[in-house]
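Engineer:
Right, here's the structure in full:
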């Protein structure tokens, strides 16, 4: 399943092609994905300018004056910006037809740029686009979603989410780092929220009500970096070690984003390129292999129905 780095990679790939552009048309090739697609989307989105493409947890938020389209990639979803005449493939469930670059001051199409040598046509300086494009959502397993949030409201799927693990000091993503209670992600926050909990610390980190965007891959990698066993009870981890875990979560997620995410099974970035962090995984998927630190065989077990790998010597 795409986790925070994969979703953030998708957001960064889509934003230059969508922000400031109007949606011309909505095509739904099925009425539901994981949940029914709101019928009003066909009426509300056409004609709306996309003001921002944001991320909250593993959700992509597409803001317009009429409301916000909420997307989730599910297990196998991908979003690409393609030429409008690109043939439809199997599992292409949703298309948004997007206008070419717009002059924000006049609202008219951007004047043609000088012809590009060897290509014979002008293009938008930011994205190379001069003709309408289509934002296409493909999802073979149909665990993704497209939902709608009215202005001034918070969708029920977003209400109880924990804080973001990565700071957004420059406001690029448009979210608050804190959760609805004003709690920000830190070692102290994890320590306080974990008191009295007997669940394994890995399951605790993967609880989206505690901290968002940390799934199986990055929880395993962060705990390996911090030297904490994924089986240790969350309530038995010290404040100091939670500080190390928080630092590791930030470092692992930030590095994975810089590497374009992790390509496992279905994930590809919006330009069709794979992520490269998989090549540098230290724990996830390495059960039985030598530990990168001590050389002893890595252990593997099922934890909450998820494969969990750790080093019994390096992680306590």
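Residue numbers (the numbering used here): 6 to 321. We put the beta carbon where it would ideally sit given N, CA and C, even for glycine.
(1) What residue from 103, 73, 68 and 36 has the CA that sits closest to residue 85's CA?
(2) Determine whether the beta carbon atoms of residue 138 and residue 89 lie at a separation below 9 Å.
(3) Comparing C-alpha positions only, which one of 252, 217 and 218 sits nearest to residue 231?
(4) Taking only runs of the beta strand (DSSP E) that begin and end inside the region 7-69, which ones reach a length of at least 3 residues, in chain order?
(5) With burial defined as no fewer than 16 other Cβ atoms inside 10 Å of the residue's Cβ, what is the status of residue 156: buried or exposed?
(6) Using only alpha-carbon positions, find the residue among 215, 187 and 189 that is nearest to residue 200.
(7) For residue 32 and residue 99, which I take to be in contact (beta-carbon distance under 8 Å), what is that distance rounded to the nearest angstrom?
(8) So what's residue 254 in DSSP terms, helix, strand or just coil?
(9) Only counting the same chain, and skipping five residues up and downstream in sequence, which positions put a Cβ closer than 8 Å to that of residue 288?
(10) Beta carbon of residue 217, beta carbon of residue 74: below 9 Å?
(11) Helix, strand or coil: how does DSSP classify residue 313 here?
(12) I'd like to know whether the C-beta atoms of residue 144 and residue 78 end up nearer to each other than 9 Å.
(13) Alpha carbon to alpha carbon, how far is residue 163 from residue 150?
(14) In the DSSP assignment, find the unbroken beta strand (DSSP E) run with residue 304 in it and report its ends.
(15) From residue 320 to residue 234, what distance separates their C-alpha atoms?
(16) Under a three-way DSSP split, which group does residue 191 fall into?
(17) Measuring CB atoms only, is the region 203-213 touching the region 41-51, in the sense that at least three cross pairs come out at less than 8 Å?
(18) Are the beta-carbon atoms belonging to residue 71 and residue 101 less than 9 Å from one another?
(19) Leaving out five residues on either side along the sequence, give the residues of the same chain with a beta carbon under 6 Å from the beta carbon of residue 64.
(20) Tell me the rounded alpha-carbon separation between residue 187 and residue 296.
(21) DSSP beta-bridge partners for residue 205?
(22) So for residue 142, helix, strand or coil by DSSP?
(23) Taking C-beta to C-beta, are residue 2 and residue 29 nearer than 9 Å?
(24) Is residue 45 near the ligand NAP, in the sense that its beta carbon is under 8 Å from a heavy atom of that ligand?
(25) Tell me, which residues are paired with residue 72 by DSSP?
(26) How would you call residue 154, buried or exposed, if buried means at least 16 neighbouring beta carbons within 10 angstroms?
Structural biologist: Reading it off the structure:
(1) The residue with the shortest Cα to Cα distance from residue 85 is 103.
(2) At the C-beta level, residue 138 and residue 89 come within 9 Å of one another.
(3) Comparing Cα positions, the closest option is 252.
(4) Segments of the beta strand (DSSP E) lying fully in the region 7-69: 28-33, 57-61 and 64-69.
(5) Classification of residue 156: exposed, given that the 10 Å Cβ count is below 16.
(6) Nearest of 215, 187 and 189 to residue 200, Cα basis: 215.
(7) That pair is a contact at about 7 Å.
(8) Correct three-state label for residue 254: helix.
(9) Correct list, in chain order: 225, 226, 228, 229, 303, 314, 315 and 316.
(10) The answer is no: Cβ separation not under 9 Å.
(11) Residue 313 sits in a strand when the DSSP states are folded into three classes.
(12) Yes, Cβ-Cβ distance for residue 144 and residue 78 is below 9 Å.
(13) Here the alpha carbon of residue 163 sits roughly 14 Å from the alpha carbon of residue 150.
(14) That run of the beta strand (DSSP E) goes 304-308.
(15) Answer to the nearest angstrom: the Cα atoms are 5 Å apart.
(16) Three-state DSSP puts residue 191 in coil, outside helix and strand.
(17) No: fewer than three Cβ pairs fall under 8 Å.
(18) At a Cβ-Cβ threshold of 9 Å, residue 71 and residue 101 do not count as neighbours.
(19) Within the same chain, residue 64 has close Cβ partners 75 and 77.
(20) One C-alpha to the other measures close to 39 Å.
(21) Residue 205 is bridged to 238.
(22) When secondary structure is reduced to three states using DSSP, residue 142 falls in the strand class.
(23) As displayed, the chain neither begins before 6 nor continues past 321, which places residue 2 out of reach and without an answer.
(24) The ligand NAP is not part of this structure, which contains no ligands at all.
(25) Bridge pairing for residue 72: 69 [DSSP].
(26) Answer is buried; the Cβ neighbour count reaches 16.
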